Every structure is written in structure tokens, then in C-alpha cells.
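See below for the structure under consideration.
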Amino acid sequence: MDFSDFGFDPDLMEGISAMGFEKPTPIQEQAIPAILEGKDIIGSAQTGTGKTAAFLLPVIQNIIASREADKTRALVIVPTRELAQQIDQQMEGFSYFTPVSSIAVYGGGDGTIFAQEKKALNEGTEIVICTPGRMIAHLHNNYVKFDSLKYLILDEADRMLDMGFHEDIMKIIKYLPKQRQNLMFAATMPNDIRKLARHVLHQPLELNIATSKPAEKILQVAYVVYETQKLPLVTHLLKGRDLKSVIVFCSTKLSAKQLGRQLKRVGLKAQDIHSDLSQKEREEIMLDFRNRKLNILVATDLLSRGIDVDNIELIINYDVPHEGEDYIHRIGRTARAESDGVAITLISQKEQFKFGRIEKLLEKEVTKSSVPEEFGDTPVYEPSKNRDRGSGNFRGGRKGKRGGNNRGKGNYKNS
Ligand code: ADP
Ligand code: MG
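FYI, in the numbering used here the residues of the sequence shown are 6 to 420.
Okay, here's the thing in C-alpha cells:
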């Protein structure tokens with residue numbers, strides 16, 4: 006199948022080829038015709054499978070085919086500012102040769118930005134990509150032109166629910182015309198997503214492209230260590246290797262900050278990124294990372310989903326993530342599109358049980374590499390025995406279970 010099979014407008018085709026897209030991915034092949042036909046859809050496919058273009062392209066096409074001047078036609082709601090910007094960038098690429106306009110509306114920034122957003126919403130920019138809170142702030146005033154809105158897209162719907170945006174989403178929907186096409190995308194399909202889908206979607210077509218298993222191309226290895234060995238080991242893994250693009254994930258802001266400081270101290274081009282930094286600081290860091298001015302990003306799970314940086318060579322999980330799905334999202338940052346990637350996880354004793362649970366979700370054992378001798382003795386890997394009962398991360402009856410519908414907001418607040 007080829008993009009030309011969808012009957013897209015030549016101006017849109019030009020944007021697609023300028024973006025370097027040659028063939029549609031499986032989710033695109035299935036979603037695009039259904040969306041063009043006007044169906045509601047709920048689509049799940051792991052990260053990096055091209056869900057953004059799967060909804061943007063048919064929506065742009067339909068807008069080109071029936072333009073109405075000065076009206077917002079599509080609203081894309083996403084969980085984070087970074088994702089809003091990233092989708093807007095793809096949008097600008099695809100629509101470059103078309104007359105279709107778009108704007109990303111997200112929090113942060115100063116009053117000037119709010120005023121610019123207000124102007125764009127008032128003038129009826131055709132595609133609006135927003136985070137929930139910021140959209141509500143605009144809706145409370147009365148200039149947003151949603152009366153001709155035809156498309157509602159909820160991207161990373163699973164993440165939005167994890168972050169506690171359910172109510173905000175429902176509040177925004179109240180401002181939209183009832184007659185519309187609804188598209189919902191998620192990397193995973195836990196029960197609360199299905200429930201939201203029942204509320205928002207109308208007889209949706211369900212597209213499931215595989216389950217959230219990591220791409221086969223990712224080489225996964227783990228080191229079984231004592232907590233105190235993590236810092237020296239990660240420094241050892243990163244030093245003297247000329248790595249251009251690495252993300253180290255930590256479970257808390259505190260550990261990201263400490264590790265960022267340590268890596269800088271040993272002369273690595275590293276930087277921590279988390280929710281304590283301002284929007285502007287985060288943007289600058291991401292830009293430097295994309296431009297390879299920074300080689301190592303030490304991040305919390307804020308970055309594990311949705312953010313797309315090409316050619317990440319290595320992912321290190323400095324802490325074992327709380328949930329299997331987070332593990333999959335983290336390592337999904339590498340081996341995007343064509344390239345291979347490596348994901349290394351450091352497992353402390355009290356994290357062994359958690360990692361064992363992740364291996365169950367993966368339905369495979371991750372290779373345990375041996376730690377260089379200079380680091381001394383290491384613990385034995387016995388995940389069923391080394392259970393940290395005190396951490397509060399394990400809830401009864403969830404052992405090895407897929408999905409994260411009882412994942413609270415708590416995890417995210419740590420990011
Ligand atoms: P998802 O939302 O499923 O995580 P994205 O939409 O962010 O994935 O896409 C991941 C990466 O793959 C992006 O860099 C995107 O530009 C690229 N991509 C998506 N579809 C295609 C395609 N058909 N051909 C080439 N690259 C693609
Ligand atoms: Mg996405």
C-alpha cells in the first residue's frame with residue numbers, strides 16, 4: 006500500500022513526501038481509510054508506530070475537501086506541552102503546501118503567548134492542538150469558535166487518564182457540537198480507556214495493532230546490582246563511549262537531579278529534565294538534545310511517552326519503572342522507525358520483584374549481563390523472593406497483570 010492509494014490532495018501528498026514518508030505504517034493503513042469515511046475510531050498501537058500521521062493526514066485531507074473560512078474544524082487534545090508541540094511540528098510539515106492552518110495551545114509561557122492563542126482561537130484556526138488545562142482557560146472566555154468543529158481527537162488517551170484529565174476532557178467536550186467525528190488513540194487499552202471510549206465515541210471501529218510489546222529490534226539487557234553500585238556502573242556505561250544520544254530514566258525528580266549532576270561532574274554532556282524546570286528551560290534542553298549539543302538526557306517518566314527524538318542509541322533505566330507499561334514506553338524511545346536500539350535496566354535488590362513482573366508482561370526474560378569485576382560482588386537475581394513489601398508499589402492481585410487502570414496520579418506527580 007502507498008500513500009497515493011488514499012486519494013489525498015496533491016498539496017498534501019507533497020507535504021507527505023517532503024516529510025520523507027514513503028509507505029504508510031500498519032496503523033496508518035487501517036485508520037486512514039476509516040477516518041476518511043467518517044467513522045469514529047479507537048486505535049491502539051505501541052509507541053513509534055505512526056499514530057500521529059494516522060489521524061492528522063485524513064483530517065487535513067477532509068478539511069481541504071470542505072473548507073469553511075475562519076472556523077476551527079479539528080481539536081486534538083494531548084497530555085503534555087511537549088507532545089502538543091511535536092504534533093504541531095508534524096502538522097506544519099504535512100500541511101506546508103496546503104492552506105490548512107494550525108496552532109498548538111498549551112500552558113506555560115507569558116501573557117503574550119496567551120494573547121496569541123486567544124487571537125488564533127478567535128480567528129478560527131482550523132486545527133487546534135491543546136493540553137486540557139490551557140484549553141479550559143480559553144473556553145472560560147467566550148471567543149473560541151467551536152461551532153463548526155467536526156473532529157475531536159484524543160491522543161495518548163491512556164496517559165491523559167493516568168494524569169487525571171478525565172474531568173477536564175469531559176468539560177471541553179461540552180463545548181463541542183454533538184455532531185462530530187471522534188478519534189481516540191492510546192498505546193495501551195486498559196479498562197478505563199474503554200469506558201471513556203464508550204462515553205465519547207459513536208459506534209467506533211476498534212483498531213488494535215499488536216499489543217504493547219516492545220519492538221523486536223530493541224536489544225534489552227539488565228544488570229543485577231546493589232543500589233550503591235548503580236551510580237558507578239551507569240557512569241562506567243556512559244564514559245568514554247562517544248554516545249551521541251542517550252536517555253537515562255529515573256523514577257523520581259530527585260534521583261534525576263542527582264544523577265544529572267553526577268554525570269556533568271565527570272565531564273559528560275548530560276542534563277536532567279523534569280517538571281521542576283520551566284517550560285522554556287525544557288524546550289531549550291530538548292532542542293539541544295535533538296541537535297546533539299547535549300548527549301545524555303536524564304529524565305523522569307514525563308518523557309517516556311509520546312516524545313519523538315530520532316536515533317536514540319541507548320536507553321538506560323536507572324530505576325526500574327513502577328509499571329510494565331512505563332518500561333515499554335521508556336524503551337520505546339529507542340529503535341524508532343528504521344534504527345536498532347539498546348535498552349539497559351539497572352535492577353537493585355528491592356526492585357527485583359518489580360522487574361520480575363515486567364518480565365512477565367514481556368513474556369520473556371531479559372538477558373542479565375555480568376557486572377565488571379571491579380564493581381565487586383552483586384546480588385543473585387531472585388525476583389520472587391526479593392519483594393519489597395514496604396515500598397507501597399505493589400497492590401494485591403495485580404501480579405503480572407497487563408494494563409494500568411488503577412495507576413493513580415501519584416506516579417506522575419513524582420515526575
Ligand atoms: P506514535 O504516536 O505511534 O508513538 P509517531 O506518530 O510519533 O508515533 O511516529 C513515530 C515516528 O515515526 C515519527 O518520527 C514519525 O515522523 C515517523 N513516521 C510515522 N509514520 C511514518 C511513515 N509512514 N513513514 C516514515 N516515518 C514515519
Ligand atoms: Mg503518539
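All residues carry an ideal CB built from backbone N, CA and C; glycine is no exception. Keep in mind that this is a model prediction, so the values were computed, not measured.
For residue i, is the beta carbon positioned less than 6 Å from some heavy atom of the ligand ADP?
i, result
"glycine 53", "yes"
"lysine 222", "no"
"alanine 109", "no"
"threonine 257", "no"
"phenylalanine 26", "yes"
Please report how far the alpha carbon of residue i lies from the alpha carbon of residue j, in whole angstroms.
i, j, result
"glutamate 328", "lysine 355", "15 Å"
"lysine 124", "leucine 88", "22 Å"
"arginine 185", "methionine 96", "21 Å"
"methionine 18", "serine 71", "17 Å"
"glycine 311", "proline 84", "Its pLDDT being 49, under 50, glycine 311 is placed unreliably in this model, and the value from its coordinates should be taken loosely. Going by the C-alpha atoms only, they are around 9 Å apart."
"asparagine 316", "valine 253", "15 Å"
"tyrosine 180", "serine 280", "30 Å"
"leucine 188", "glutamate 378", "53 Å"
"proline 38", "isoleucine 158", "16 Å"
"threonine 305", "proline 326", "10 Å"
"asparagine 398", "proline 388", "Low confidence applies to asparagine 398: its pLDDT is 37, below 50, so where it sits in the model is not reliable, and the reading given next is rough at best. Going from the Cα of asparagine 398 to the Cα of proline 388 covers about 15 Å."
"lysine 359", "tyrosine 148", "49 Å"
"arginine 203", "threonine 130", "29 Å"
"proline 15", "threonine 54", "24 Å"
"glutamine 276", "asparagine 322", "15 Å"
"lysine 373", "aspartate 167", "31 Å"
"methionine 175", "methionine 6", "37 Å"
"lysine 76", "leucine 210", "27 Å"
Have a look at the options and flag the residue whose alpha-carbon is nearest the alpha-carbon of residue i.
i, options, result
"asparagine 127", "Asn146, His171, Leu224", "Asn146"
"lysine 269", "Gly337, Glu42, Val303, Lys285", "Val303"
"leucine 236", "Lys373, Gly337, Thr350, Ala59", "Thr350"
"glutamate 330", "Arg362, Asp345, Tyr323, Val371", "Arg362"
"tyrosine 32", "Pro195, Phe190, Gly381, Asp163", "This sequence places isoleucine at residue 32; tyrosine is not what is there. Closest option to isoleucine 32, Cα to Cα, is Phe190."
"glycine 12", "Lys262, Ser353, Glu34, Leu319", "Glu34"
"glycine 473", "Pro104, Arg139, Phe99", "Here the chain covers residues 6 to 420 and nothing more, so residue 473 does not appear."
"valine 376", "Ile278, Gly337, Ala227", "Ala227"
"serine 153", "Ile290, Leu80, Glu289, Lys262", "Leu80"
"proline 104", "Lys365, Leu224, Gln121, Gly20", "Gly20"
"isoleucine 177", "Leu248, Ala142, Asn67, Lys200", "Ala142"
With DSSP as the reference, please indicate the residues paired to residue i in a beta bridge.
i, result
"lysine 373", "Ala227"
"cysteine 135", "Ile82, Val110"
"glutamate 289", "Glutamate 289 pairs with nothing; no bridge assigned."
"isoleucine 317", "In the DSSP output, where bridge partners are listed per residue, isoleucine 317 has none listed."
"serine 49", "Ala191, Asn213"
At a cut-off of 6 Å, is residue i close to the ligand MG when judged by its beta-carbon and the heavy atoms of the ligand?
i, result
"threonine 30", "no"
"threonine 5", "The question about residue 5 has no answer here: the residues shown for the chain are numbered 6 through 420."
"threonine 85", "no"
"threonine 57", "yes"
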